[in-house]
Amino acid sequence: MASSDTLQRRGLMFILSSPSGAGKTTISRMLLDRDSDIALSVSATTRPMRPGEVDGVHYHFVDQAEFDRMVEADEFYEWATVFGHSYGTPKAQIRAGLKEGRDYLFDIDWQGTQQLYQKDQQDVVRVFILPPSIDELRRRLTGRGTDSAEVIAARMERARAEISHWDGYDYVVINDDVEACYTQVCEILHAERMKRARQTGLIGFVRGLMKD
Ligand code: 5GP
Numbered sequence: 202m203a204s205s206d207t208l209q210r211r212g213l214m215f216i217l218s219s220p221s222g223a224g225k226t227t228i229s230r231m232l233l234d235r236d237s238d239i240a241l242s243v244s245a246t247t248r249p250m251r252p253g254e255v256d257g258v259h260y261h262f263v264d265q266a267e268f269d270r271m272v273e274a275d276e277f278y279e280w281a282t283v284f285g286h287s288y289g290t291p292k293a294q295i296r297a298g299l300k301e302g303r304d305y306l307f308d309i310d311w312q313g314t315q316q317l318y319q320k321d322q323q324d325v326v327r328v329f330i331l332p333p334s335i336d337e338l339r340r341r342l343t344g345r346g347t348d349s350a351e352v353i354a355a356r357m358e359r360a361r362a363e364i365s366h367w368d369g370y371d372y373v374v375i376n377d378d379v380e381a382c383y384t385q386v387c388e389i390l391h392a393e394r395m396k397r398a399r400q401t402g403l404i405g406f407v408r409g410l411m412k413d
């Protein structure tokens with residue numbers, strides 16, 4: 202018997218963005234640990250590998266000439282220079298995975314989100330996570346109490362700048378409680394998987410229902 206869980210479907214690109222301190226990294230880890238249908242998108246980068254990192258798992262580590270060639274060949278959904286190194290989201294692997302029903306998680310900021318959305322509106326689902334209050338955000342960004350007032354003020358400023366882009370997202374979730382926030386994020390993911398346009402196996406299934 203068919204159910205919407207067993208029918209062939211197209212994957213989606215699930216973007217989670219938030220100001221730092223709102224819990225995006227925790228929610229991303231929970232999703233990747235608990236849902237085997239979604240995988241983290243692996244970017245290409247020119248920065249040197251850090252101890253413990255694995256090529257092809259954390260990043261595809263490439264030299265600048267190779268990165269430039271990939272840009273020229275239009276092999277990235279989006280790319281950016283961060284702290285003097287180049288980073289980009291390669292298209293080929295994701296396109297192939299989407300066709301097979303694999304979902305990809307993107308832990309990227311609003312600029313990367315805009316670029317991805319411009320390239321592929323149909324497959325992108327944009328989720329923004331907000332902190333429950335400005336006081337709570339300050340508390341989370343204050344860290345262990347060892348940072349100077351200036352460092353904390355700069356972090357708060359960056360967070361406010363990121364929050365100002367909240368309206369460029371399809372869904373907004375307030376992270377008051379991590380488990381509750383995770384549940385809401387899962388509900389969004391599950392509903393998006395059910396969209397008719399993504400349920401590519403429905404055509405054959407419905408044809409079967411229409412037979413006498
Ligand atoms: P790290 O070198 O510490 O792993 O990452 C540095 C920064 O690069 C992080 O802010 C991360 O979000 C960003 N980054 C990693 N991969 C990509 C990518 O594919 N595209 C963009 N635009 N930024 C990325």
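Numbering-wise (the numbering used here), the sequence shown opens with residue 202 and increments by one. Note that beta-carbon positions come from the ideal geometry of N, C-alpha and C, so glycine has one too. Predicted, not measured: the structure shown is a model, and the values here were computed from it.
C-alpha distance - residue i paired with residue j, whole-angstrom precision
| i | j | result |
| --- | --- | --- |
| T290 | V407 | 36 Å |
| A203 | E267 | 45 Å |
| L208 | H366 | 36 Å |
| A392 | T347 | 43 Å |
| E279 | K320 | 8 Å |
| M271 | I335 | 41 Å |
Heavy atom of the ligand 5GP within 7 Å of residue i beta-carbon
| i | result |
| --- | --- |
| A281 | yes |
| S244 | yes |
| R248 | yes |
| G302 | no |
| Y318 | no |
| Y305 | no |
| G289 | yes |
| G313 | yes |
| I309 | yes |
Contact check, residue i vs residue j, beta carbons under 8 Å
| i | j | result |
| --- | --- | --- |
| G402 | G298 | no |
| G224 | C382 | yes |
| V243 | G257 | yes |
| T282 | V263 | no |
| W311 | E363 | yes |
| M214 | D377 | no |
| G222 | P332 | yes |
| L338 | A354 | no |
Own chain partners of residue i with C-beta closer than 7 Å, once the 5 adjacent residues on each side are dropped
| i | result |
| --- | --- |
| T314 | I216, S218, R327, G369 |
| R210 | G302, R394, R399, Q400, T401, G402 |
Simplified DSSP assignment, three categories, for residue i
| i | result |
| --- | --- |
| S334 | coil |
| E276 | coil |
| V379 | helix |
| H391 | helix |
| I364 | helix |
Residue-level contact to chain D via CB, residue i, 8 Å cutoff
| i | result |
| --- | --- |
| Y278 | This model lacks chain D altogether; it includes just one protein chain. |
Beta-carbon proximity list for residue i, same chain, < 8 Å, skipping 5 on both sides
| i | result |
| --- | --- |
| E301 | G212 |
| L233 | I239, A240, L241, L306 |
| Y372 | V326, R327, V328, F329, I389 |
| Q385 | V374 |
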